[in-house]
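Taken in order, these protein sequences are the chains called A and B.
Following our numbering, the numbering of the first sequence begins with 237 at its first residue and continues without gaps.
Following our numbering, the numbering of the second sequence begins with 15 at its first residue and continues without gaps.
Where is the CB? At the ideal position from N, CA and C, for every residue including glycine.
Note that the structure is predicted; figures quoted are calculated from it, not measured.
Beneath this line is the structure, given in structure tokens, with notes to follow.
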Amino acid sequence: MVVVLLPSLLAAEAGGRNRFELDAPTVGDAVRALPVANLVLDERGELRRLVNVYVDGVDARDRGGLDAPLAGAETVRLVAAIAGG
Amino acid sequence: MGVLVLVGTRKGLFALESDDDRRDWELHGPFLTGWQVFHAVVDPRDRTIHAATNNEVYGATVHRSTDRGQTWTRAEELGLPEDTGLTLEKTWHVEPGREGEDGRLWLGAAPGVLFRTDDGGATWQPVDGIVRHETRDRWHPGAGGMCCHSIALDPDEPERMYVGISAAGVFRSEDGGETFEPANQGTAADFLPDPFPELGQCVHKLLLHPGRPERLWQQNHCGVYRSDDRGESWERLEGNGLPSGFGFPLALDHRDPDAAFVVPEESAENRVTPNGRLGVYRTTDGGSSWELLTDGLPQQAWGSVMREGFSFDRLESPGIYLGTQSGSLFVSPDTGETWLEAAAQLPPILSVEATEWS
Numbered sequence: 237m238v239v240v241l242l243p244s245l246l247a248a249e250a251g252g253r254n255r256f257e258l259d260a261p262t263v264g265d266a267v268r269a270l271p272v273a274n275l276v277l278d279e280r281g282e283l284r285r286l287v288n289v290y291v292d293g294v295d296a297r298d299r300g301g302l303d304a305p306l307a308g309a310e311t312v313r314l315v316a317a318i319a320g321g
Numbered sequence: 015m016g017v018l019v020l021v022g023t024r025k026g027l028f029a030l031e032s033d034d035d036r037r038d039w040e041l042h043g044p045f046l047t048g049w050q051v052f053h054a055v056v057d058p059r060d061r062t063i064h065a066a067t068n069n070e071v072y073g074a075t076v077h078r079s080t081d082r083g084q085t086w087t088r089a090e091e092l093g094l095p096e097d098t099g100l101t102l103e104k105t106w107h108v109e110p111g112r113e114g115e116d117g118r119l120w121l122g123a124a125p126g127v128l129f130r131t132d133d134g135g136a137t138w139q140p141v142d143g144i145v146r147h148e149t150r151d152r153w154h155p156g157a158g159g160m161c162c163h164s165i166a167l168d169p170d171e172p173e174r175m176y177v178g179i180s181a182a183g184v185f186r187s188e189d190g191g192e193t194f195e196p197a198n199q200g201t202a203a204d205f206l207p208d209p210f211p212e213l214g215q216c217v218h219k220l221l222l223h224p225g226r227p228e229r230l231w232q233q234n235h236c237g238v239y240r241s242d243d244r245g246e247s248w249e250r251l252e253g254n255g256l257p258s259g260f261g262f263p264l265a266l267d268h269r270d271p272d273a274a275f276v277v278p279e280e281s282a283e284n285r286v287t288p289n290g291r292l293g294v295y296r297t298t299d300g301g302s303s304w305e306l307l308t309d310g311l312p313q314q315a316w317g318s319v320m321r322e323g324f325s326f327d328r329l330e331s332p333g334i335y336l337g338t339q340s341g342s343l344f345v346s347p348d349t350g351e352t353w354l355e356a357a358a359q360l361p362p363i364l365s366v367e368a369t370e371w372s
């Protein structure tokens, strides 16, 4: 079981919920199980460029991206990169 | 009867409400905070609000609300097939289908693509007639991207529709959107080696007159035009009072097919309202002459109005609505004669749509 934490805009899109507890073997499995999966992933199913995913504080892109394993992990945090105006 | 005006901004959606007098306005919102609302419209068939929404981080989508913006549902399925090599960049314009076409809406988007839904906006299918158009390799993006921003449905001919794409031009379908043909004869593309090509024109806004559907108007990068033959040919209309042919917004009076309103900008190189003021230019003779309307509009202004920032209601004495990049919504309750500022200090306004609402 891993806890997935969402930033505010995604939480609003998830009906106000910012915390999900999921059984998921990989980051991709966890993200695809979220009701906001099509905001986190693009139409090809890839992680959007400005969305960062941290698994217990480590950038998932350094651990295989969506294939990063979640075995033993406690927290997956989705963070919007600094962008916009 | 009253009027509800949806104001899409760079930072969410606002709604303004008034009675028939359209002089006192109540502001609601913001809704959809965190989203850039490129366009929002009420579907007159069921009063659902549909919004073309974009976010730099989370991409492009469409939201809809059946409770006047209190809660929103996002499209479940919206994307482009991998074999096209295209990916969805921005959503630009939602056009409700005709009366009787239950659940059908059209969506214009970038990069120069069109979608259709038949389930009220839950799932959107790409329209191959545009997405896979054989001339696509001759289309180019304008400053705002390659946006499909105008969708016009012929109210009398269910198989006929038009789209405007910048910078690809105007396209007409006679088979319900299966196939599209360019409809740009007579419209200029001064930025291309051939100034009158078959396509590649930078149409900024395309509208069809609902009372005379063979008549189309367009505000183009290179002039203001009218067509009286379903886009087969176009007549350039500036001069005779218009200070510039360059501009983005266009509005039509539903009662009078000879009337049109534009808000020109000085030039493509200096995109501000001309002569240091905000003015609306009106023709009532099909574009032969234009007059400047300024009563109540700021007379010291270097403004700009986006292509979706201009709207008309359908009351007996129609009102006009104008949203600026400076965050002001101006309303004329008397078809342009006088104006009042209904809201100020909003985020930069991207779109305005007025709907009769009781």
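**OP:** Specify, as a first and last residue, the run of the beta strand (DSSP E) that B/V294 falls within.
**Re:** That run of the beta strand (DSSP E) goes V294 to T297.
**OP:** Compile a chain-ordered list of the residues in the stretch 70-97 of chain B whose CB is closer than 7 Å to at least one CB of chain A.
**Re:** Taking a C-beta cut-off of 7 Å against chain A, the contacting residues of the stretch 70-97 of chain B are E70, V71, Y72, G73, R88, G93, L94 and E96, listed in chain order.
Original post:
In angstroms, rounded to a whole number, what distance separates the CA positions of B/G111 and B/T297?
Top reply: If you take the alpha carbons of B/G111 and B/T297, they lie about 29 Å apart.
Original post:
Sorted by chain position, which residues of the same chain lie with C-beta nearer than 6 Å to B/D168's C-beta, five sequence neighbours on each side aside?
Top reply: Taken in chain order, the residues that qualify are R174 and P227.
**OP:** Could you confirm whether any beta carbon from chain B is found closer than 8 Å to the beta carbon of A/V287?
**Re:** With respect to chain B, the C-beta atom of A/V287 has a partner C-beta closer than 8 Å.
Original post:
Is B/G214 closer than 8 Å to B/A183 when the C-beta atoms are compared?
Top reply: Strictly speaking, residue 183 of chain B in this sequence is Gly, with Ala absent from that position. Remark: C-beta atoms of B/G183 and B/G214 approach each other more closely than 8 Å.
Original post:
To which residues of the same chain is B/T85 closer than 8 Å at the C-beta, ignoring the five residues directly before and after it?
Top reply: The residues S79, in chain order, have a CB closer than 8 Å to that of B/T85 in the same chain once the five nearest residues on each side in sequence are set aside.
Original post:
Should B/Q50 go down as buried or exposed, given a rule of 16 or more other Cβ atoms within 10 Å for buried?
Top reply: Only buried fits B/Q50, as 16 or more other CB atoms lie within 10 angstroms of its CB.
**OP:** Measure from the C-beta of B/T251 to each C-beta in chain A and report whether the shortest distance is under 8 Å.
**Re:** According to the sequence as given, residue 251 of chain B is Leu; it is not Thr. Cβ-Cβ to chain A under 8 Å: no for B/L251.
**OP:** Just confirm the distance between the C-beta atoms of B/A274 and B/G301, as a whole number of angstroms; I'd bet it's less than 8 Å.
**Re:** Indeed they touch by this definition, with Cβ atoms about 7 Å apart.
Original post:
Apart from the five residues on each side of it in sequence, which residues of its chain come closer than 8 Å, Cβ to Cβ, to B/C162?
Top reply: Annotation for B/C162: W106, H107, G122, A123, A124, G126, V127, L128, I144, V177, G178 and I179 place their beta carbon closer than 8 Å to its own, counting only its chain and skipping 5 residues before and after.
Original post:
Ordered along the chain, which non-local residues of its own chain (more than five positions away) have a Cβ less than 6 Å from that of B/D204?
Top reply: Hits under 6 Å: C236.
**OP:** Name the two residues that bound the continuous beta strand (DSSP E) containing B/G337.
**Re:** Residues I334 to G337.
Original post:
With a Cβ-Cβ cutoff of 8 Å, do B/K1 and B/F185 count as a contact?
Top reply: This structure does not reach residue 1 of chain B, given that chain B is present from 15 up to 372, and the question cannot be answered.
**OP:** Name the residue from A/E279, A/G293, A/L302 and A/R255 whose alpha carbon lies nearest to the alpha carbon of B/P140.
**Re:** When only C-alpha atoms are compared, the closest one is A/E279.
Original post:
Per DSSP, B/E109 is paired with what?
Top reply: DSSP, once it has assigned bridges, lists B/W120 as partnering B/E109.
Original post:
With burial defined as no fewer than 16 other Cβ atoms inside 10 Å of the residue's Cβ, what is the status of B/S187: buried or exposed?
Top reply: In summary, B/S187 is buried, with 16 or more beta-carbon neighbours lying within 10 Å of its beta-carbon over all protein chains present.
Original post:
Helix, strand or coil for B/N68 per DSSP?
Top reply: In this structure, DSSP gives B/N68 an extended state, which the three-state scheme calls strand.
Original post:
Within the 8 Å Cβ cut-off, does A/R284 reach chain B?
Top reply: The C-beta of A/R284 comes closer than 8 Å to at least one C-beta of chain B.
Subject >> As assigned by DSSP and simplified to three states, the class of B/P312 >> reply: In the three-state DSSP reduction, B/P312 falls in the coil class, being neither helix nor strand.
**OP:** May I have the straight-line CA-CA distance separating B/R88 from B/H42, to the nearest angstrom?
**Re:** Approximately 21 Å between the Cα atoms of the pair.
**OP:** For the stretch 97-119 of chain B, enumerate the residues whose C-beta is nearer than 9 Å to any C-beta of chain A, in chain order.
**Re:** Residues of the stretch 97-119 of chain B with a C-beta atom less than 9 Å from some C-beta of chain A are T101 and L102, listed in chain order.
Original post:
What residues in the stretch 30-48 of chain B bring their beta carbon closer than 8 Å to a beta carbon of chain A?
Top reply: Cβ contacts with chain A come from T47 and G48.
Original post:
Are the C-beta atoms of A/R313 and some chain B residue less than 8 Å apart?
Top reply: For A/R313, no CB of chain B lies under 8 Å from its own CB, so it is not counted at the interface with that chain.
Subject >> Residue-level contact to chain B via CB, A/A324, 8 Å cutoff >> reply: The question about residue 324 of chain A has no answer here: the residues shown for chain A are numbered 237 through 321.
Original post:
Mind pulling the chain B residues with CB within less than 9 Å of A/R322?
Top reply: This structure leaves residue 322 of chain A out entirely; chain A is present only between 237 and 321.
Original post:
So, B/L256 versus B/Y295, is the Cβ gap smaller than 8 Å?
Top reply: Their beta carbons are under 8 Å apart, which means B/L256 touches B/Y295 by this criterion.
Original post:
Got a sec? Which residues, its chain only, sit under 6 Å from B/G200 by beta carbon, not counting five neighbours each side?
Top reply: Excluding positions up to five away in sequence, the list reads S247 and W248.
Subject >> Inter-residue Cα distance where the pair is A/N288 and A/R255 >> reply: When rounded, the distance between both Cα atoms is 16 Å.
Original post:
If contact means a Cβ-Cβ distance below 8 Å, which residues of the stretch 240-256 of chain A contact chain B?
Top reply: When CB distances to chain B are screened at a threshold of 8 Å, the residues of the stretch 240-256 of chain A falling below it are S244, L245, L246, A248 and E249, in chain order.
Original post:
B/V141 bridges to which residues according to DSSP?
Top reply: In DSSP, B/V141 forms no bridge with anything.
Original post:
Opposite B/M175 in the DSSP bridges: which residues?
Top reply: BP columns for B/M175 point to B/L167 and B/S187.
**OP:** For B/Q313, count neighbouring Cβ atoms within 10 angstroms of its own Cβ and tell me buried if that reaches 16, exposed if not.
**Re:** By the 10 Å Cβ count, B/Q313 comes out exposed.
Original post:
Could you give the distance in angstroms between the alpha-carbon of B/G83 and the alpha-carbon of B/L20?
Top reply: If I take the Cα positions, the gap works out to 10 Å.
Original post:
Hey, out of B/P332, B/E351, B/T75 and B/D189, whose CA is closest to B/L306's CA?
Top reply: Cα-wise, what sits closest to B/L306 is B/E351.
Original post:
Can you find a CB in chain B that lies within less than 8 Å of the CB of A/L270?
Top reply: Closer than 8 Å: no.
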